[in-house]
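The opening residue of the sequence shown carries number 1 in the working numbering; numbering runs sequentially from there. The next block holds one structure in the form of structure tokens; read it before the comments.
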Amino acid sequence: MKRLLWLGCLLGAVETTVLPWGGSLLATTSRAALQHPAYGPPRPLPGYVKDAWTVWFRGREVRGASASTFVDLGAGYGKDAWSVFFEGEEVKEASAQSFAVLTDGYARDDWRVFWKGRVVADVSPASFATLGDGYARDNWKVLWNGRALEKASPASFEALGDGYARDNWKVFWCGNELPDAVPSSFEVLGRGYARDAWNTWYFGRPVERF
Numbered sequence: 001m002k003r004l005l006w007l008g009c010l011l012g013a014v015e016t017t018v019l020p021w022g023g024s025l026l027a028t029t030s031r032a033a034l035q036h037p038a039y040g041p042p043r044p045l046p047g048y049v050k051d052a053w054t055v056w057f058r059g060r061e062v063r064g065a066s067a068s069t070f071v072d073l074g075a076g077y078g079k080d081a082w083s084v085f086f087e088g089e090e091v092k093e094a095s096a097q098s099f100a101v102l103t104d105g106y107a108r109d110d111w112r113v114f115w116k117g118r119v120v121a122d123v124s125p126a127s128f129a130t131l132g133d134g135y136a137r138d139n140w141k142v143l144w145n146g147r148a149l150e151k152a153s154p155a156s157f158e159a160l161g162d163g164y165a166r167d168n169w170k171v172f173w174c175g176n177e178l179p180d181a182v183p184s185s186f187e188v189l190g191r192g193y194a195r196d197a198w199n200t201w202y203f204g205r206p207v208e209r210f
């Protein structure tokens, strides 16, 4: 509570809303920021909120969620003792008992892999791993943002940063192949730049040389 109050002082105000059935909700609000014309209307905040009876996500009641056992897992995911939810909607295929959130929107249980609440078909949860920048793989398939990269080899695939990745034969940027890039000499320079022995790229686009 002390930490919330200290944060409220930094943000500008602390407001306590008394609920009609008893109890209260504590909210911190920056009135100056919300009312300043340069900021526009306030945006919905991520994450779940609950009281003793109800769970909400971005101003909507999460139908079917048990508030007494509900846990916010982060990245839009949450679960109670029986069900899993993504952004307030139930993920009917997921098992709450074994469900775990990974990174880049991915999650898994003992039987399936998910990306932003949707089942990723034909992926093995037992060998599945996230690599960063939306890339992931199991023993047979490489993914980018939940989409299979048919030309990528999972055995040698690695994410390099800034959206770039490679295997022993191809280079990718944000899931798209860079046809002229040579994997053996390819390196990421930072701030969107990358190069091989012959060419340079900026956020996946070739940089012309004069």
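C-beta: ideal position from N, C-alpha, C; glycine also. Remember, predicted model here, so these are calculated numbers, not experimental data.
Nearest neighbour of residue i, chosen from the options [CA to CA]
| i | options | result |
| --- | --- | --- |
| Glu61 | Trp82, Arg43, Phe86, Pro41 | Phe86 |
| Arg205 | Cys174, Pro183, Ser184 | Cys174 |
| Ala94 | Asp104, Asn176, Pro125, Thr103 | Pro125 |
| Glu177 | Trp115, Ala152, Trp53, Gln97 | Ala152 |
| Lys50 | Arg63, Phe70, Pro42, Phe114 | Phe70 |
| Pro42 | Tyr202, Lys170, Tyr48, Arg58 | Arg58 |
| Ala197 | Arg191, Gly190, Arg63, Ser185 | Ser185 |
Inter-residue spacing [alpha-carbon to alpha-carbon] between residue i and residue j
| i | j | result |
| --- | --- | --- |
| Val55 | Pro44 | 16 Å |
| Asp167 | Glu89 | 36 Å |
| Trp144 | Ala67 | 34 Å |
| Ala121 | Ala81 | 25 Å |
| Trp111 | Leu131 | 20 Å |
| Phe203 | Arg118 | 28 Å |
Beta-carbon contacts of residue i that lie in its chain and below 6 Å, excluding the five residues immediately before and after
| i | result |
| --- | --- |
| Ser156 | Asp167, Asn168 |
| Thr200 | Val207 |
| Phe172 | Ala165 |
| Val84 | Val91, Ala94, Ala96, Phe99 |
| Gly76 | Phe86, Glu87 |
Check: residue i C-beta below 8 Å from any heavy atom of the ligand SAM
| i | result |
| --- | --- |
| Ala96 | By its list of ligands, the structure shown contains no ligand whatsoever, and the ligand SAM lies outside what it can speak to. |
Residues that DSSP places opposite residue i in a beta bridge
| i | result |
| --- | --- |
| Asn176 | Trp173 |
| Glu187 | Arg195 |
| Lys181 | In the sequence on display, residue 181 carries Ala and not Lys. According to DSSP, Ala181 bridges with nothing at all. |
| Ala94 | Beta-bridge pairing links Ala94 to no other residue. |
Contacts around residue i, its chain only, beta-carbon distance under 7 Å, and the 5 residues preceding and following it disregarded
| i | result |
| --- | --- |
| Pro20 | Residue placement at Pro20 is flagged as unreliable, the pLDDT there being 40, under the threshold of 50; a coordinate-derived value is accordingly withheld. |
Contacts around residue i, its chain only, beta-carbon distance under 8 Å, and the 5 residues preceding and following it disregarded
| i | result |
| --- | --- |
| His36 | Residue confidence is low: His36 scores 48 on pLDDT, short of 50, so the model does not pin down where it sits. No coordinate-derived value is stated. |
Tell me the start and end of each unbroken beta strand (DSSP E) in the region 112-163 that is at least 3 residues and wholly inside, in chain order. 113-115, 118-120, 129-132, 135-137, 142-144, 158-161
Quick check on the DSSP output: what are the complete beta strand (DSSP E) runs of length 3 or more inside the region 46-89, in order along the chain? Taken in chain order, the complete beta strand (DSSP E) segments of 3 residues or longer contained in the region 46-89 are 48-50, 55-57, 71-74, 77-79, 84-86.
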